[in-house]
Amino acid sequence: MNATKKEKLQELSDLQPPSKLIKGHGGETFSQLGHKWVETFKLLADLQPDDTVLDVGCGPGRMALALAPYLGEKGRYEGFDIKPKDIAWCKQEIETRWSKSRFQLVDIKNEHYNSTGTISADKFKFPYEDNTFDFVFLTSVFTHLLPADLFNYLQEVSRVLKPGGSCLITYFLLNESIRNSIQADKARFSFAHNPQPHCYIEKPENPEDAVAYDQEFICNLYSQVGLNIEKPISFGGWSRTVDKNEVRHGQDIILAVKSDSKQIKPSESESNQLPLITLKINATRLSLLISSAIVIWKN
Ligand SMILES: C[S@@+](CC[C@H](N)C(=O)[O-])C[C@H]1O[C@@H](n2cnc3c(N)ncnc32)[C@H](O)[C@@H]1O
């Protein structure tokens, strides 16, 4: 990449969307937080300049702006979101200046962000081919999705990742120590309402405003969709269970890697072979029976 191109992408990374788009996205710290996240992507997921990355629920482009100077000539960025104004701004201000980026609007319904949406998130197929991305991330998105939507999205993340590719997703996770912190009134949220198994919300009148999940439930979903959690969960500051100096971000982070091949559990492979073996034995017995019958009949 030549120097002027690099400088332009560096300038782009400090661009700030209009304040009405970044309300609730951290205000003045909007771009600082984007840069901090890119450092986290490098550290936890070993993000490389040549990677092809997908930002699900990209909002007004916080991560895209910060990634622009890092992703190189061979790198590529894709982002999609359900908010028309955010995507219009990203297309106009980022896509036109950064040729490696592409943004798409999808009209998915979410009571908190797009209540008039026409597509249901639990059936939505991400608009990309299988095995496309080296890295997929969702920051502060699953904290707004109910179980059926989350499960479909996790399956889609796995589908579009290349084998060996990684995904970084943030959550509000509940485990024993976090529950104790909530009981002691230390955590930022209480998640006192339990509308569905393993799913907890803050506001019954607006369920998708903040959604938490049982940690064990989420970890099981990962193994169901072929994603391996290879590093310890990085717990965030929201629950006040981690020392201030060790906290990376506000929410809990799960980093996982897509299995290289579809793993078949030993019990499954054994049980798949069992009927075949039985069939072979039965066929042998049958042919023996028939030949004995023929011999008897002839005699
Ligand atoms: C708190 S914002 C986070 C934005 C961005 N990921 C970031 O970290 O700066 C949550 C984003 O998720 C998006 N969102 C909510 N439901 C979604 C869905 N089903 N599919 C894609 N994006 C969704 C919202 O429109 C919003 O932009």
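Going by the numbering used here, 200 is the number at position 200 of the sequence shown; the sequence numbering is gapless. Note that beta-carbon positions come from the ideal geometry of N, C-alpha and C, so glycine has one too. Model, not experiment: these values are computed from the prediction.
Residue i CB to nearest heavy atom of ligand 1 below 7 Å
i    : result
L145 : yes
A187 : no
F80  : yes
D86  : yes
D209 : no
D149 : yes
F254 : Residue identity differs from the one stated: residue 254 is Ile in this sequence, not Phe. Checking the Cβ of I254 against ligand 1 gives no.
A184 : no
C58  : yes
K36  : no
Y171 : no
K83  : yes
A121 : yes
I94  : no
S31  : no
Y77  : no
Where residue i falls, given that 16 or more other Cβ within 10 Å makes a residue buried
i    : result
Q92  : exposed
S166 : buried
D46  : exposed
S234 : buried
K100 : buried
P69  : buried
D50  : exposed
E208 : buried
E268 : Residue placement at E268 cannot be trusted, given a pLDDT of 39 that sits under 50; the coordinates are not used to answer.
Continuous alpha helix (DSSP H) stretch holding residue i: start and end
i    : result
K20  : S19 to I22
E202 : Here E202 belongs to no alpha helix (DSSP H), and DSSP marks it neither H nor E.
Pair within 8 Å by beta-carbon distance, residue i and residue j
i    : j    : result
F172 : A121 : no
L21  : K85  : yes
T132 : T170 : no
S259 : P163 : yes
D81  : G117 : no
Beta strand (DSSP E) segment containing residue i, residue limits
i   : result
L67 : Not the beta strand (DSSP E): L67 falls in the alpha helix (DSSP H), residues R62 to L67.
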